[in-house]
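Undergrad: From first to last, the protein sequence lines stand for chains A and B. Sequential numbering from -17 applies to the first sequence in the working numbering. Sequential numbering from -17 applies to the second sequence in the working numbering. Using N, Cα and C, we set each Cβ at its ideal position, and we do this for glycine too. Right, I'll just put the structure down here and ask away after.
Number of protein chains: 2
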Amino acid sequence: MDYYGTHITKLIEELSRLPGVGGKTAQRLAFHIINLPEDMANQLAKSIVLAKRNTRYCEKCFTITDKELCPICASEKRNGTTIMVVEQSKDLAAYERTREFKGLYHVLQGAISPMIGVGPNDIKVRELLIRLQKEDIVEVILATSSTAEGEATATYHSMLIKPIGINVTRIANGVPVGGDLEYIDEITLLRALEGRIEL
Amino acid sequence: MDYYGTHITKLIEELSRLPGVGGKTAQRLAFHIINLPEDMANQLAKSIVLAKRNTRYCEKCFTITDKELCPICASEKRNGTTIMVVEQSKDLAAYERTREFKGLYHVLQGAISPMIGVGPNDIKVRELLIRLQKEDIVEVILATSSTAEGEATATYHSMLIKPIGINVTRIANGVPVGGDLEYIDEITLLRALEGRIEL
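Pasting the structure below:
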C-alpha cells in the first residue's frame, strides 16, 4: 500500500527485511531516518556501503573484520599462548565485553550439526589445527555454546587437541549471575552442583 | 570497543542510534547487512538517501510524502467531502490499512499539549480551517489518539469547526476486537457501555 509515496514506501520495505524488524518497526525506523538531519542519514547509508564492501575474515582467527588481521590478532598486548574457540564473531564480542580475557580467539564460523549437514569440514577446524602447530599455544579454551551442537563441537575438538599435548578446557555451566534458582532448568542446576568450587 | 574493525564498528554504532535498537540488536542487524549480497546492501543504503532527500509534506493534508501531493490527495477515487483528522502520518497509515475509509485526511503533525508547550499554532490547525473554507467538506472525523492530548485536541477542533456548520464526529472508544474484558481498564469499559449500539 503506497500511502507515503514511492521512496518512503521503498525504505520501509527494505527495512522490514532486516531480522526482527516487522512492518510497524520498519515504519518507525523509516520515520526516524527521515527526520534525521540529512548528513546523519547519509552517514548511516555510507556506513552500510562501507561495512559491506570492506568486510572479510581475519586470516588468523577467522572473525569478521575489515583488514587482513582483526584488531585482536594484530594487537601485541594479547597473550598469544591461549586460544578461546568460539562459534561466531558475536561470541568473541561477548567475551571481549568482559574485558578480562586477554588471549586470542579462533572463530569456527559454526558448530558441528549433523542434523543440518554441518560437519567438521564445514567449519574452521583444520585452520585451528594448523594454528596449534604454528603458534606456541599452551591452552585451548572451548567456549562453544551450551547447545547440543556446541557440546558436540567441544567434544570433537577436545578429542582432536588433547593428543597433541595441549591443555583443553571448557567454560563452566552453572547458574547465571543474578539468576533465580526457581527459574533455572534441572540440567543447569545439576551442572552447577557438579561444578561447585570450594570457598 | 573495536574488536571488529573500524567499518563494522561504525555501522553498529550508527544502527544503535535508531529508536528501539540497542547494542545487541544493532550488532545482529549489522551482521545481517554484512552477509547480504552487495547489491542488496547498497540498495538499502540508497533507499535511506533517497527517502531522506525526497521527503516533504503533502501541500494539502500535510502527511509525509515525496511529491507535492500525497498519493491519497492526488487520487481521484477518494471521497473529497470527508476529512479524517489524525495526529501523525503513522495514524493515517493505520487507517489506510483498514482499506475501508475512502475520504481524505488531515495530518496535524502533533497534538495540543500545554505540558510540553505545544499549542494550536504549533500544529496544522489553521491549515485545516483553510481547507474547510476552500473544499466542499460535509464531515470532519476527529481521529486523534485517546490520550489526554488527543482528547484535548479533538475537543478544541470540535469547538472550532461546529460553528461553521460542518458535521464533526469522533471515533469511538470501546473494547478492542479480540480484547478480553478482564484486562481492560475501567474507563474504556465505561466508554464501551456508553457507546453501546442497538443490535
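(1) In the stretch 107 to 155 of chain A, which residue ranges form an unbroken alpha helix (DSSP H) of at least 4 residues, counting only runs that do not cross its ends?
(2) Which bits of chain A does A23(B) rub up against, with CB to CB less than 9 angstroms?
(3) My output table needs one value for R(-1)(B): the three-state DSSP class, helix, strand or coil.
(4) Note down, in chain order, every chain A residue with its Cβ under 8 angstroms from the Cβ of S71(B).
(5) From the beta carbon of K49(A), is the nearest beta carbon of chain B less than 9 angstroms away?
(6) Taking the Cβ atom as the reference point for each residue, do A134(A) and R152(A) lie within a distance shorter than 9 angstroms?
(7) Given that K(-8)(A) touches chain B, what residues does it touch there, using C-beta distances under 8 angstroms?
(8) I want to see whether chain A comes within less than 9 angstroms of T64(B), judged by CB atoms only; does it?
(9) Any Cβ of chain A within less than 9 angstroms of the Cβ of I105(B)?
(10) Suppose you measure from the CA of H14(A) to the CA of V3(B); what does that come to, to the nearest Å?
(11) Please report the Cβ distance between E(-4)(A) and S29(B), rounded to the nearest whole angstrom; I am assuming they are in contact, meaning their Cβ atoms lie under 8 angstroms.
(12) Could you tell me the alpha carbon to alpha carbon distance between I190(B) and V31(A), rounded to whole angstroms?
(13) Could you tell me whether the Cβ atoms of I166(A) and A154(A) are closer together than 9 angstroms?
(14) Strictly below 8 angstroms CB to CB, what residues from chain C border T80(A)?
(15) Name the chain A residues whose beta carbon is nearer than 8 angstroms to that of T7(B)?
(16) Reducing DSSP to helix, strand and coil, say where S185(A) ends up.
(17) Looking at the ligand NAP, does it come within less than 8 angstroms of A75(B), judged from the CB to the closest heavy atom?
(18) Just to confirm, is the Cβ distance from T45(B) to Y77(B) under 9 angstroms?
(19) Between H139(B) and chain A, is there a C-beta pair that is closer than 9 angstroms?
(20) Rounded to whole angstroms, what's the CA-CA distance from D(-16)(B) to S(-2)(B)? Just pull it up for me.
(21) Could you compute how far the alpha carbon of A56(B) sits from the alpha carbon of T(-9)(A)?
(22) In terms of DSSP beta bridges, what is H88(B) paired with?
(23) Report buried or exposed for Q9(B), applying the criterion of at least 16 other Cβ atoms within 10 angstroms of its Cβ.
TA: Taking the structure as given:
(1) The stretch 107 to 155 of chain A contains these whole alpha helix (DSSP H) runs: 107 to 116 and 130 to 143.
(2) Near A23(B) (Cβ distances below 9 angstroms), the residues of chain A are I30, V31, A33, K34 and R35.
(3) Three-state DSSP puts R(-1)(B) in coil, outside helix and strand.
(4) Simply Y(-14) and F13.
(5) Interface residue, yes.
(6) Not a contact, by the Cβ cut-off of 9 angstroms.
(7) Near K(-8)(A) (Cβ distances below 8 angstroms), the residues of chain B are S29, L32 and A33.
(8) Chain A, which has no Cβ nearer than 9 angstroms to the Cβ of T64(B), makes this no.
(9) Taking Cβ atoms only, chain A never reaches closer than 9 angstroms to I105(B), which makes this a no.
(10) In this model, H14(A) and V3(B) are separated by some 12 angstroms (Cα to Cα).
(11) Yes, they are in contact, since the Cβ atoms of E(-4)(A) and S29(B) sit about 5 angstroms apart, within 8 angstroms.
(12) Lying outside -17 to 181, the shown extent of chain B, residue 190(B) is not represented and no answer is given.
(13) No. Outside cutoff.
(14) In the structure shown, chain C does not exist; the protein chains are A and B.
(15) Taking a Cβ-Cβ cut-off of 8 angstroms, the neighbours of T7(B) in chain A comprise G2, given in sequence order.
(16) In this structure chain A extends from -17 to 181, so residue 185(A) is not present and cannot be described.
(17) In the structure on display, the ligand NAP does not appear, and there are no ligands present to speak of.
(18) Not in contact: T45(B) and Y77(B) (Cβ atoms no closer than 9 angstroms).
(19) Contacts with chain A at 9 angstroms (Cβ-Cβ) do not include H139(B).
(20) Near 15 angstroms, if we compare the C-alpha coordinates of S(-2)(B) and D(-16)(B).
(21) The alpha-carbon atoms of A56(B) and T(-9)(A) are separated by roughly 16 angstroms.
(22) Paired residues: V67(B).
(23) With 16 or more other Cβ atoms within 10 Å, it is buried.
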